[in-house]
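**Q**
Protein chains in written order, with our numbering: chain A, 1 to 221; chain B, 1001 to 1273.
Put into structure tokens, the structure is as follows:
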């Protein structure tokens, strides 16, 4: 126990980096997911073909290989970023690809009649999406967003392999320095679980509200 | 609505006048319009004129193309061939849809009520009615609210403004949908089987609203319905369609009592049972 207390500050610093990575790549992935998911609805091949290629490439290759590629291969052609930036960017692009599918399918799941009603009220196309379609699609997206947020927290451990001292890597360093793998990895285990608690609670709530709060209202008539 | 005065005699045709002065342009004009979905020809070389403030019922078996006519007019579908005009302006020409900037001012003159109501479920009844005046017409919110309240009162739902669609019965939802369409002050109203999704006991309340609109306004109305009584009572002219073509048209009293065409006769006999 004394040993755990001794390494505790180092693990905490690592955990902080993990949280930072999760939040930053998560926010970026959300932006990418919305932008790509909405853009893929544009009925033009010049838009949809490149975006489909992006989504399929990032969904169908190993995330680890993607990280290695961006960190080790791109510098060879002169494109060089800091490890943290690279890690964030790859996670954002990887999860952005998944989230774009969530966004796209949620929007397509909104009843066509809603779109027709918006046309019949002479709404311009952007207004149809902004006021009518997207507000109804977001509650559909939320449970999947919650799941991916949790996935993102776990996936940040991958960037330990490109020298980012997040929770997993700081643990690995401590093991190299002090030994005691059992205690250290158990601590890491517990810390990940603790970090996941807010997401677990969030997901419970999101699933309850999956249909949108207006759908759970009790009829008064 | 100033121009909505009945220049054209009710139920009359203006086919003999090719060059009408602007005030006599028909509300709706289909010129040799066809619409195909794949190999299926839903509308087959159909021409049709509807006068300002004329009320027309479209009847016929399922799949005869009645609803497609409304959807073409509302720009929810593009014709495969032919021209559709609204107050003389082209919605489509030679089977091609036109630019949104040309179509929008014409579409603004048309309102539509759907079979499935299609109210916005994330908005209250009042917000449903206010939405388009505020967002599309840029009406100030207090004005839009006053307008929405008066329209809800007109359809008998003054007390339901704060209710969400899920809290309303089908008949109430459909009446909100009518109020929502009226809020855009259309000169042409399209009613697409507005009672088909309703329980029998609430059909009357919805039809009453449409009847009172017909009495109190000069809008042109195009009604697709399976309620033959409604089709007869609301209309100046009834059109019987089959396989995307007009089989017979005429005054409701005549067409329902003694149709000329054998297929019209057969259809009316079949729905009577």
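All residues carry an ideal CB built from backbone N, CA and C; glycine is no exception.
Would you verify that the beta carbon of residue 1116 of chain B is, or is not, closer than 8 Å to some beta carbon of chain A?
**A** By one-based count along the second chain, residue 1116 of chain B stands at place 116. For residue 1116 of chain B, the nearest CB of chain A lies under 8 Å from its own CB, placing it at the interface with that chain.
**Q** What does the alpha-carbon distance come out to for the pair residue 50 of chain A and residue 1167 of chain B?
**A** Taking the first residue of the first chain as position 1, residue 50 of chain A is located at position 50. Taking the first residue of the second chain as position 1, residue 1167 of chain B is located at position 167. Cα-Cα distance, rounded: 44 Å.
**Q** Report yes or no: do three or more beta-carbon pairs, one from the stretch 1046-1062 of chain B and one from the stretch 85-102 of chain A, lie closer than 8 Å?
**A** no
**Q** What's the call for residue 62 of chain A, buried or exposed, on a 16-neighbour Cβ count within 10 Å?
**A** Walking along the first chain from the start, residue 62 of chain A turns up at place 62. It is exposed - the Cβ of residue 62 of chain A has fewer than 16 other Cβ atoms within 10 Å.
**Q** Should residue 1236 of chain B go down as buried or exposed, given a rule of 16 or more other Cβ atoms within 10 Å for buried?
**A** On the second chain, residue 1236 of chain B is found 236 positions in, with the first residue counted as 1. Buried, since its Cβ has 16 or more Cβ neighbours within 10 Å.
**Q** Would DSSP call residue 1240 of chain B helix, strand or coil?
**A** Locating residue 1240 of chain B in the second chain gives position 240, counting from the first residue. Residue state, collapsed to three classes: strand.
**Q** Using a 10 Å radius around the Cβ and a threshold of 16 neighbouring Cβ atoms, would you call residue 1065 of chain B buried or exposed?
**A** For this step, residue 1065 of chain B is matched to residue 65 along the second chain. Around the CB of residue 1065 of chain B, 16 or more other CB atoms lie within 10 Å, so the residue is classed as buried.
**Q** Please work out which residues of its chain come closer than 7 Å, Cβ to Cβ, to residue 15 of chain A, disregarding the five sequence neighbours upstream and downstream, and give them in chain order.
**A** In the first chain, residue 15 of chain A corresponds to position 15, counting from 1. In the same chain as residue 15 of chain A, and ignoring 5 residues on each side of it, the C-beta atoms closer than 7 Å to its own belong to 167, 191, 195, in chain order.
**Q** How far does the beta strand (DSSP E) with residue 1212 of chain B in it extend, from its first residue to its last?
**A** Sequence index remark: in the second chain, residue 1212 of chain B carries index 212 (1-based). Element bounds for residue 1212 of chain B: not the beta strand (DSSP E) but the alpha helix (DSSP H), 1200-1216.
**Q** Residue 1112 of chain B touches chain A at which residues, Cβ-Cβ below 7 Å?
**A** Counting from one through the second chain, the residue named residue 1112 of chain B turns up at place 112. Neighbours of residue 1112 of chain B on chain A, chain order: 120.
**Q** Taking only beta-carbon atoms, is residue 1107 of chain B less than 8 Å away from chain A?
**A** Here residue 1107 of chain B corresponds to residue number 107 of the second chain, with the count starting at 1. Closer than 8 Å to some Cβ of chain A, the Cβ of residue 1107 of chain B qualifies, so yes.
**Q** Indicate whether at least one CB of chain A lies closer than 8 Å to the CB of residue 1122 of chain B.
**A** Translated into the one-based positions of the second chain, residue 1122 of chain B becomes position 122. Taking 8 Å as the threshold, the shortest C-beta distance from residue 1122 of chain B to chain A falls below it.
**Q** Roughly how many whole angstroms lie between the Cα atoms of residue 84 of chain A and residue 47 of chain A?
**A** Numbered from 1 along the first chain, position 84 holds the residue referred to as residue 84 of chain A. Numbered from 1 along the first chain, position 47 holds the residue referred to as residue 47 of chain A. Straight-line Cα distance between these residues: approximately 30 Å.
**Q** Where do the N-terminal and C-terminal ends of the alpha helix (DSSP H) with residue 147 of chain A fall, by residue?
**A** Locating residue 147 of chain A in the first chain gives position 147, counting from the first residue. From DSSP, the alpha helix (DSSP H) with residue 147 of chain A extends over 134-155.
**Q** Closest to residue 1226 of chain B by CA distance: which of B:1219, B:1120, B:1218, B:1240 is it?
**A** Translated into the one-based positions of the second chain, residue 1226 of chain B becomes position 226. Ranking the options by Cα distance to residue 1226 of chain B, first place goes to B:1240.
**Q** Less than 8 Å between the C-beta atoms of residue 1027 of chain B and residue 1050 of chain B, yes or no?
**A** Stepping through the second chain from its first residue, residue 1027 of chain B is reached at position 27. Stepping through the second chain from its first residue, residue 1050 of chain B is reached at position 50. Result yes, Cβ atoms of residue 1027 of chain B and residue 1050 of chain B sit closer than 8 Å.
**Q** Checking contacts by CB at 8 Å: is residue 1219 of chain B closer than that to chain A?
**A** Locating residue 1219 of chain B in the second chain gives position 219, counting from the first residue. Judged by the 8 Å Cβ criterion, residue 1219 of chain B is not in contact with chain A.
**Q** Could you say which of B:1217, B:1248, B:1212 lies nearest to residue 1233 of chain B if we only look at CA atoms?
**A** Start at 1 with the first residue of the second chain, and residue 1233 of chain B comes out as number 233. Among B:1217, B:1248, B:1212, the Cα nearest to that of residue 1233 of chain B belongs to B:1212.
**Q** Any chance you could list the alpha helix (DSSP H) runs of at least 4 consecutive residues sitting entirely within the stretch 1042-1087 of chain B, in chain order?
**A** 1066-1073
**Q** Just the chain A side, please: which residues come within less than 7 Å of residue 1135 of chain B by C-beta, in chain order?
**A** Here residue 1135 of chain B refers to the residue found at position 135 of the second chain. Near residue 1135 of chain B (Cβ distances below 7 Å), the residues of chain A are 123, 127, 131.
**Q** Using the beta-carbon count (16 or more within 10 Å), is residue 198 of chain A buried or exposed?
**A** Position 198 of the first chain, counting from 1, holds the residue named residue 198 of chain A. An exposed status is given to residue 198 of chain A, since fewer than 16 other beta-carbon atoms sit within 10 Å of its beta-carbon.
**Q** What does a CB cutoff of less than 8 Å around residue 208 of chain A pick up in its chain, not counting 5 residues either side in sequence?
**A** The sequence position of residue 208 of chain A within the first chain is 208, counting from 1. If we look at residue 208 of chain A and ignore the five residues flanking it on each side, it has no Cβ neighbours.
**Q** Under a CB-based cut-off of 8 Å, is residue 1077 of chain B close to chain A?
**A** Position 77 of the second chain, counted from the start, is the residue given in the question as residue 1077 of chain B. With 8 Å as the cut-off, residue 1077 of chain B does not count as an interface residue toward chain A.
**Q** With a threshold of 16 other CB atoms inside 10 Å of the CB of residue 1018 of chain B, please say whether the residue is buried or exposed.
**A** In the second chain, the residue the question calls residue 1018 of chain B occupies position 18. Low confidence applies here, because residue 1018 of chain B scores a pLDDT of 47, under 50, leaving its location unreliable; read the following figure in that light. Per the 10 Å Cβ criterion, exposed.
**Q** Using a Cβ-Cβ distance under 8 Å, would residue 78 of chain A count as near chain B?
**A** As a first step, residue 78 of chain A must be located in the first chain, where it is residue number 78. No, no contact with chain B.
**Q** May I have a chain-ordered list of the beta strand (DSSP E) segments no shorter than 3 residues that lie completely inside the stretch 1088-1127 of chain B?
**A** 1089-1093, 1110-1113
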